[in-house]
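Numbered according to our numbering, the sequence shown spans residues 2 to 541. Idealized CB from N, CA, C, for every residue including glycine. Remember, it's a predicted structure, so these values are computed and weren't measured experimentally.
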Amino acid sequence: MGKEELLDALVAFQAKASSEAETRAQFAVLHDALRDIQRKRWRFLEDACSVVLRRIFALVSSSPQESKLRSKSQNEVLSATEGITLCLYFLEPLVDLTVSSDQILSDHNEIEKEKDGQEALNQRAVLVAALLHLFAAVTSDATANDVTARLVANILRCGIDVYVIIATLRFREELVECRRALLPSCESDTETESEVGSKDEEEAEANEFEMEDMRWVSGQVASMWGLTNFRYFLETSGQAHTFAAWSRHGIGSFVHALLMNNQHKVNTLPVIASPFSWLFYVAAYAHDMILSDEHQNRIRGLELLRVVGKLCPREKLSIIIEKEGESSRNRARSFRDQVASFFNRDWVSPVIQVTTNAMVSFLETKDRSAALTVTKELISKLAVDDRFWLLRGLLMQCPYGNVSAALLDIVRDDAVRTWSLIDASRSSPFTTAAIYLLLRDILSLAAERDLVFQADLLASCMSLVRFLYIRDKGNKTGIRSKAFDCGIQEVLMRIGKRLQRKIDEALPYHIADAEPCSAENFPRLMIVEASLSSTLELFK
Numbered sequence: 002m003g004k005e006e007l008l009d010a011l012v013a014f015q016a017k018a019s020s021e022a023e024t025r026a027q028f029a030v031l032h033d034a035l036r037d038i039q040r041k042r043w044r045f046l047e048d049a050c051s052v053v054l055r056r057i058f059a060l061v062s063s064s065p066q067e068s069k070l071r072s073k074s075q076n077e078v079l080s081a082t083e084g085i086t087l088c089l090y091f092l093e094p095l096v097d098l099t100v101s102s103d104q105i106l107s108d109h110n111e112i113e114k115e116k117d118g119q120e121a122l123n124q125r126a127v128l129v130a131a132l133l134h135l136f137a138a139v140t141s142d143a144t145a146n147d148v149t150a151r152l153v154a155n156i157l158r159c160g161i162d163v164y165v166i167i168a169t170l171r172f173r174e175e176l177v178e179c180r181r182a183l184l185p186s187c188e189s190d191t192e193t194e195s196e197v198g199s200k201d202e203e204e205a206e207a208n209e210f211e212m213e214d215m216r217w218v219s220g221q222v223a224s225m226w227g228l229t230n231f232r233y234f235l236e237t238s239g240q241a242h243t244f245a246a247w248s249r250h251g252i253g254s255f256v257h258a259l260l261m262n263n264q265h266k267v268n269t270l271p272v273i274a275s276p277f278s279w280l281f282y283v284a285a286y287a288h289d290m291i292l293s294d295e296h297q298n299r300i301r302g303l304e305l306l307r308v309v310g311k312l313c314p315r316e317k318l319s320i321i322i323e324k325e326g327e328s329s330r331n332r333a334r335s336f337r338d339q340v341a342s343f344f345n346r347d348w349v350s351p352v353i354q355v356t357t358n359a360m361v362s363f364l365e366t367k368d369r370s371a372a373l374t375v376t377k378e379l380i381s382k383l384a385v386d387d388r389f390w391l392l393r394g395l396l397m398q399c400p401y402g403n404v405s406a407a408l409l410d411i412v413r414d415d416a417v418r419t420w421s422l423i424d425a426s427r428s429s430p431f432t433t434a435a436i437y438l439l440l441r442d443i444l445s446l447a448a449e450r451d452l453v454f455q456a457d458l459l460a461s462c463m464s465l466v467r468f469l470y471i472r473d474k475g476n477k478t479g480i481r482s483k484a485f486d487c488g489i490q491e492v493l494m495r496i497g498k499r500l501q502r503k504i505d506e507a508l509p510y511h512i513a514d515a516e517p518c519s520a521e522n523f524p525r526l527m528i529v530e531a532s533l534s535s536t537l538e539l540f541k
């Protein structure tokens, strides 16, 4: 049998396979046809896997209601887990065939060996693509654990380096960034009547050159990452929307299953990359999961960050964070500089933003606590000065007073530790005007918001103001001066006026006429007032 026989078998498979029994009966025919193909088998393997998976999942119901409706029109309806299991009956013999045939390489010459080696890699990568598609379809039912374990085992048997699979999403992100930065738009904003007639020819020629440029950038980025042999499966355009592209959702589920599995865990991660590199790669999938609408996916994203975060030492991660007034958005960069900036950019802030959003939205206390723990642990990995600038950016954007208070507590702990050092660096943001400006800006934002919801943040902020005022005898931070146009003292006085009105609304003799929440807020407002009074006393 050969290529023609495989095509005939695929046509017959799509026509006849309408139940699980009929589907499995066709697998042996497809396996025999694939086994007889030697040259460029991976292309035919891709087509066969695509057809089989699509046909099987046409039998899978997405809900019990759909299952009842569809059962009237066809003989058999499968659950997602049953569909994945059926697909594995087709894929596992192909994994065996591919792994065993790998060792029969050509002895003719080095060129033939190289071709055979790439053919073997492509076959393995196609099977990984199919298995990742199955991972993306895994549900959370009771039988999913057994299926997940089989999927992990089969992906590992394919022999593709775990690093290559996990680095996929970051590679695609960089590819998009490099193309955006390095390839100017070929389209013109304006056109004249004389240009319209030849527009089609010009567009075709421009598109050809643009595609050539895109392929060049893709090749350069793949070379920098050491992923040249896997470009076909990692691309962001062309076949990226077809079967062979490795599923980002499938990889995320695979990474979670791999790291949370008692047999594998983090020991499966090769030492080819540093712990911070693994955190960098895995955080991309965790970010996706935490953004999900499904509660279980969000919890799994937090688990990924927790597990990989444990590998990384504290205060050793350095990243480039744009400080206030700085911007490199319009700065021209070479290709090499563009690649370097990608690895050193601030990738932590987006992850922290989604974890804090999740923390606020979780209904269960234990889930909120887990999100806060993961957030603090992730922040602790940053070098102290980088941590300050990252937290400043987050504090200026965070609308949640209680979350901001938790972030500011980290700033306060770092400030206390820095000022406790005898040889505290003069350039540290904690010993310069940077810390003063941060506190002033936080207080200014809080002054315009609901003081009840900002109570924790205000108390934490004023505590740090008092600490700096007492410790900074030499006024290195500017905390004692009035040189700024709008100083902390002025902001505090404005807060005091608004706070007094809030307290008046919640006083005991007003409680009867006030809203129910006013009485509950009264103790919190009084704590803020006490903190405000002691802070203003220092400025007299």
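Presumed contact (8 Å Cβ cut-off) between residue i and residue j, rounded CB distance
i: Val309; j: Val361; result: Not a contact, Cβ separation roughly 23 Å.
i: Lys324; j: Ala384; result: That belief does not hold up - the Cβ atoms of Lys324 and Ala384 are roughly 14 Å apart, past 8 Å.
i: Leu500; j: Glu538; result: Not really, about 15 Å apart at Cβ, beyond 8 Å.
i: Arg408; j: Leu395; result: According to the sequence as given, residue 408 is Leu; it is not Arg. Yes, they are in contact, since the Cβ atoms of Leu408 and Leu395 sit about 6 Å apart, within 8 Å.
i: Arg441; j: Ile489; result: 5 Å
Collapsed DSSP secondary structure at residue i in the structure displayed
i: Leu312; result: coil
i: Leu61; result: For clarity, residue 61 is Val in the given sequence; the question names Leu instead. Reduced to three states, the DSSP call for Val61 is strand.
i: Leu270; result: coil
i: Leu184; result: coil
i: Leu79; result: strand
i: Thr243; result: coil
i: Glu295; result: coil
i: Gln264; result: coil
i: Val127; result: helix
i: Leu500; result: helix
i: Ala138; result: coil
i: Ala168; result: coil
i: Gly84; result: helix
i: Asn476; result: coil
i: Ile38; result: coil
i: Ser248; result: coil
i: Pro400; result: coil
i: Arg4; result: According to the sequence provided, residue 4 is Lys. The question's Arg does not apply to it. Here Lys4 sits in helix by DSSP.
i: Ser532; result: helix
i: Ala26; result: helix
i: Phe454; result: coil
i: Glu174; result: helix
i: Gln66; result: Confidence at Gln66 is low in this model, with a pLDDT of 47, below 50, so the placement of that residue should be treated as unreliable; the coordinate-derived value is given next. Of the three classes helix, strand and coil, the one that applies to Gln66 here is helix, per DSSP.
Under 8 Å between C-beta atoms of residue i and residue j
i: Leu303; j: Thr356; result: yes
i: Leu157; j: Cys88; result: no
i: Leu458; j: Ala406; result: yes
i: Gln119; j: Thr99; result: no
i: Leu132; j: Leu95; result: no
i: Ile443; j: Asp387; result: no
i: Thr536; j: Val466; result: yes
i: Leu184; j: Asp214; result: yes
i: Ala234; j: Ala137; result: It is worth fixing the name first, because residue 234 is Phe in this sequence and not Ala. No, the pair does not count as a contact, with Cβ atoms beyond the cut-off.
i: Ala59; j: Ala245; result: no
i: Val412; j: Leu379; result: no
i: Phe431; j: Phe389; result: yes
Chain-order list of residues whose beta-carbon lies under 7 Å from that of residue i (same chain, five-residue window excluded)
i: Thr86; result: Val148
i: Val256; result: Ile167, Val283, Tyr286, Leu305
i: Arg165; result: Checking the sequence, you will find Val at residue 165 rather than Arg. Contacts found: Leu228, Phe231.
i: Ala145; result: Thr82, Val139
i: Asp414; result: none
i: Leu259; result: Val153, His265, Thr269
i: Trp226; result: Ala168, Phe172
i: Leu533; result: Met463, Leu493, Ile496, Gly497, Leu500
i: Asp410; result: Ser461
i: Ala434; result: Thr478, Gly479
i: Leu292; result: Val355
Beta-bridge partners of residue i, as assigned by DSSP
i: Leu383; result: Leu318
6 Å Cβ shell around residue i - same chain, five flanking residues per side excluded
i: Tyr282; result: Ile167, Ala168, Arg171
i: Val352; result: Ala284, His288
i: Gln455; result: Gly402, Ala447
i: Arg502; result: none
i: Arg525; result: Ala456
Beta-carbon proximity list for residue i, same chain, < 8 Å, skipping 5 on both sides
i: Gln27; result: Ala10, Ala13, Phe14, Lys17, Ala18
i: Leu35; result: Leu7, Arg42, Phe45, Leu46, Ala49, Leu95, Leu98
i: Met527; result: Ile504
i: Ser74; result: Caution is warranted here: a pLDDT of 47 is assigned to Ser74, below 50, making its placement in the model unreliable, and no coordinate value can be reported.
i: Arg346; result: Ile320, Ile321
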